[in-house]
Amino acid sequence: MRSLLSRLDALIVGQPDPARVGWLRDWTYAHRGLHSDGVPENSLAAFALAAERGLGIECDIQRSRDGCAMLLHDWELDRLTAVSGPTASHSAEELSQIAFLDSEHKIARLDDLLPILGGRVPILIEIKSKRGYDVKRSCRAVAHALKGYAGPHAVMSFDPRVCVWFAEHSPQTVRGLVMREDEQGMTQKAWQRHVALWAARPEFIAYHVAALPNPMVEGLRERGLPVLTWTVNSTETRAHAGLHADASIAEGEGLA
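Next comes the structure, spelled out in structure tokens:
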């Protein structure tokens, strides 16, 4: 069965263009920026610090009520700010006035980040999604923000529909599939992981470090798909990632 699934992976997904995806292997990516006390995750300050240190950037995208791509991980504002309730219930202008807890830094748009980077370091943009969510609208928001941006960048998501949308509407954008195998993921069973892979047809994989090594991932890596892994946050996970992946999405002690 495993051999059959592997052959189907090769047949359906294929091999990405090395010229398009090779840069993904050349960087360590700061998970939600180089954040610390007083420098919140997914803040412009955290991303600027990461770029200054020569790190690639991984950021999260939630969508505002009026359809803008916002730099924020959570569906709710409660964990990171003094405001309660859904992120999507606020307009982009309203969100831009909300400060992170214990910080003067405020929630920002993807549009605000790109000029700061100016193509100096690559950016991985994870588009958040969930069951019943109109993720295509988020894809449009991200593509709009990226219009004209020449720096190295890629989009990725747990939702295979993100890869499908960008392949059709923004084929110049490198696209990846994020997966995990634990109770927090939607691909706990092997068949679910293969179906997600076949639906997405990604150009790279971002795989949970605790789930490596994995036969499916090893097969994809052998056929030229870059394998990124997250969240690398210790010396142990950094060593593990070095054995089983091409690049790390890291924070804290996971950053060498």
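Every position in the sequence shown, counted from 1, becomes a number in our numbering once 49 is added.
C-beta atoms are modelled at their ideal positions from N, C-alpha and C, and glycine is treated no differently.
When secondary structure is reduced to three states using DSSP, D127 falls in the coil class, being assigned neither helix nor strand.
If you compare the alpha carbons of L173, A249 and T278 with that of I61, the shortest gap goes to A249.
With a contact defined as Cβ atoms closer than 8 Å, L277 and A294 qualify at about 6 Å.
Restricted to the region 123–194, the beta strand (DSSP E) segments that are unbroken, complete and at least 3 residues in length are 172–176, listed in chain order. Following the DSSP letters along the chain, one finds C108 inside the beta strand (DSSP E) bounded by residues G105 to R112. Residue environment for T284: exposed (fewer than 16 other C-beta atoms within 10 angstroms of its C-beta). Inter-residue distance for S145 and G105 is about 24 Å (C-alpha atoms, whole angstroms).
Separation of A97 and Y78 (C-alpha to C-alpha, rounded to the nearest whole angstrom) is 13 Å.
Contact between the region 228–245 and the region 193–204 is absent: fewer than three C-beta pairs spanning the two stretches fall below 8 Å. Counting C-beta pairs closer than 8 Å gives fewer than three between the region 78–96 and the region 176–195, which falls short of the contact rule.
Within the same chain, I110, Q111, R112, S113, T136, A141, L144, I156, A157, R158 and L159 come within 8 Å of M119 by CB-CB distance, once the 5 residues on both sides are set aside. In the DSSP assignment, G291 falls within the alpha helix (DSSP H) that extends over T284 to H293.
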